[in-house]
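Heads up: the structure comes next, in structure tokens.
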Amino acid sequence: MINFDVSTFGLVVIDDLQFTGLLCHEVTTPPSTTINPLLIKQLFSLKPYPNVLIDSIPTLNCDFNRKCPQWESDGHWSVGMVPTDKDSFALPSSIKDKVSVAVLNKSMATLQSRKVPCASKAMIFVAYFRTEKAELMVCIEKKCVNTKHEHSALNTKSKQNMDNFWFTFFGWLSMKVDRQKPFFIRLIAKSTGPGLVIIRKIETAGNWCPLLSLSQYACETISCTFSQSFCGYKTETDSRANVFFTSDSKGTTANINKGPGLAVLRSPQFKLSRPVELQIKIYQSTFGSQTFLCGDDFSSLYDCQPILGPKIELPTTEEIILPLDQEAQNFTIVAVHDKFDEFGAAKFTILKIDLLDENRKLLC
Numbered sequence: 013m014i015n016f017d018v019s020t021f022g023l024v025v026i027d028d029l030q031f032t033g034l035l036c037h038e039v040t041t042p043p044s045t046t047i048n049p050l051l052i053k054q055l056f057s058l059k060p061y062p063n064v065l066i067d068s069i070p071t072l073n074c075d076f077n078r079k080c081p082q083w084e085s086d087g088h089w090s091v092g093m094v095p096t097d098k099d100s101f102a103l104p105s106s107i108k109d110k111v112s113v114a115v116l117n118k119s120m121a122t123l124q125s126r127k128v129p130c131a132s133k134a135m136i137f138v139a140y141f142r143t144e145k146a147e148l149m150v151c152i153e154k155k156c157v158n159t160k161h162e163h164s165a166l167n168t169k170s171k172q173n174m175d176n177f178w179f180t181f182f183g184w185l186s187m188k189v190d191r192q193k194p195f196f197i198r199l200i201a202k203s204t205g206p207g208l209v210i211i212r213k214i215e216t217a218g219n220w221c222p223l224l225s226l227s228q229y230a231c232e233t234i235s236c237t238f239s240q241s242f243c244g245y246k247t248e249t250d251s252r253a254n255v256f257f258t259s260d261s262k263g264t265t266a267n268i269n270k271g272p273g274l275a276v277l278r279s280p281q282f283k284l285s286r287p288v289e290l291q292i293k294i295y296q297s298t299f300g301s302q303t304f305l306c307g308d309d310f311s312s313l314y315d316c317q318p319i320l321g322p323k324i325e326l327p328t329t330e331e332i333i334l335p336l337d338q339e340a341q342n343f344t345i346v347a348v349h350d351k352f353d354e355f356g357a358a359k360f361t362i363l364k365i366d367l368l369d370e371n372r373k374l375l376c
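If you want this note's numbering, it's the 1-based position in the sequence shown plus 12.
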């Protein structure tokens, strides 16, 4: 309502009207939490989770604003930025910045820690967000805690119009840890339908032994004296290998004494952050016999590095040093004797394997 003084001249111009609130006939639409994988990928600018090889990370603590090489993805996690436009996707204010995301549909995604030597009166905390049909678990071996047992906070923004929107939950998932033997921790996201799990950060409290570096873990995995033990190595027969390695107090031995033969010894899995060298102490008895260092899935001995042979004039024990590439995650030692008819039986004994650094010093 505008009043004018009739005794004077006046002019009023209205250019724009703005108001806040809702009129009776207007209907609100809550921000979407519908699980559309393509939309989620676009909103969060998702990229594959980077499994980064950094040698030494002392703790499990992880803020996804930085790289977290102590947590390795199984290939089903991504990383991205929380949308700044809160109208595009409803998220609590505690879920912000860079996060790890699992988009699920009756599926599962796992993050696994590096090996933890021990923990005493310790706790691990995971800041998470999940939708109704998804859950997150923290597991050590067969013991797990999950978000169904936590007092999750309900995201009330998504309670309206339940035909089209989801209940969502967020908070901290925690687990007590007290173990004197080495262990791994797995963060497992899974769903009974279309679902979403977001991890913002991982924190710890209490007494945790420092994590092994990649070099230390590789050294513990690879190094072995083979006295009455295979130390995680495996022997097998297949279409090419027809002789097993056996273990005794002297080492692990393959006897090729019934005709031409081939034996394989496969290493455990490991990861390297830098090139190293293998030092293999081996006994070999017979001219014409050969040993090779191969990859896990070698197609031909031409793909392998020779260790010892075929010119074995007398039974001999040698220490051979061979490079191990940074990309290697396993290796296979192959003992082969295809000159049985000419030179008779052959015996191969692997007495010891050590891991050396770039200065040829023992890593462990």
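We treat Cβ as the ideally placed atom computed from N, Cα and C, and that holds for glycine.
*How would you call A217, buried or exposed, if buried means at least 16 neighbouring beta carbons within 10 angstroms?*
exposed
*Buried/exposed call for L226, threshold 16 Cβ in 10 Å*: buried
*F137 (DSSP reduced to helix, strand or coil)*: strand
*asked:* Assess contact between the stretch 48 to 59 and the stretch 29 to 38, defined as three or more Cβ pairs (one per stretch) separated by less than 8 Å. Is contact present?
replied: no
_Within the stretch 298 to 364, ranges of the beta strand (DSSP E) (whole runs, at least 3 residues)_ = 302 to 306, 317 to 320, 328 to 336, 344 to 349
*Using 10 angstroms around the beta-carbon of H149, count the other beta-carbons present and answer buried if the total reaches 16, otherwise exposed.*
The identity of residue 149 in the sequence shown is Met, whereas the question assumes His. Per the 10 Å Cβ criterion, buried.
*Where F182 and K193 are concerned, what is the direct C-alpha to C-alpha distance, given to the nearest angstrom?*
32 Å
_Nearest by alpha-carbon distance to V209: which of P327, W89, K246 is it?_
W89
*asked:* Can you list, in chain order, the residues of its chain with a C-beta nearer than 8 Å to that of C221? Leave out the 5 residues immediately preceding and following it.
replied: V128, P129, C130, A131
*Do the stretch 282 to 297 and the stretch 339 to 347 meet, that is, are 3 or more Cβ pairs less than 8 Å apart?*
yes
_Endpoints, the beta strand (DSSP E) within which I292 is located_ = 288 to 296
*Does DSSP classify L368 as helix, strand or coil?*
strand
*asked:* In whole angstroms, give me the CA-to-CA distance for N254 and T233.
replied: 26 Å
*asked:* Going by the DSSP bridge assignment, what does P60 pair with across the sheet?
replied: S90
_Own chain partners of S235 with C-beta closer than 7 Å, once the 5 adjacent residues on each side are dropped_ = I365, D366, L367, C376
_For N219, the residue or residues it bridges with in DSSP_ = S132
_Taking the alpha-carbon of S112 as reference, which of R142, K118, R126, F31 has the nearest alpha-carbon?_
R142
*Pairwise C-alpha distance: A102 and V288*: 49 Å
*Determine the closest residue to D75 out of Y61, A146, I214, with distance taken between C-alpha atoms.*
I214
*Would K110 pass as a contact of M93 if the rule is Cβ separation under 8 Å?*
yes
*Could you tell me the distance, in whole angstroms, from the CA atom of K246 to the CA atom of F195?*
22 Å
*Take T265 and list the residues in its own chain whose beta-carbon comes closer than 7 Å to its own, dropping the five residues that flank it on each side.*
F257, T258, K359, F360, T361
*Would you say the stretch 305 to 321 touches the stretch 238 to 252, given that touching needs at least three Cβ pairs under 8 Å?*
no
*Which word fits G300, buried or exposed, when buried means at least 16 other C-beta atoms lie within 10 angstroms of its C-beta?*
buried
*What first and last residue would you give for the alpha helix (DSSP H) that runs through C80?*
Note, C80: premise wrong, no alpha helix (DSSP H); not H, not E.
*From the DSSP output, read off the bridge partner residues of R191.*
A131
*To the nearest angstrom, report how far apart S186 and V115 are at their CA atoms.*
22 Å
_In whole angstroms, give me the CA-to-CA distance for R372 and F56._
46 Å
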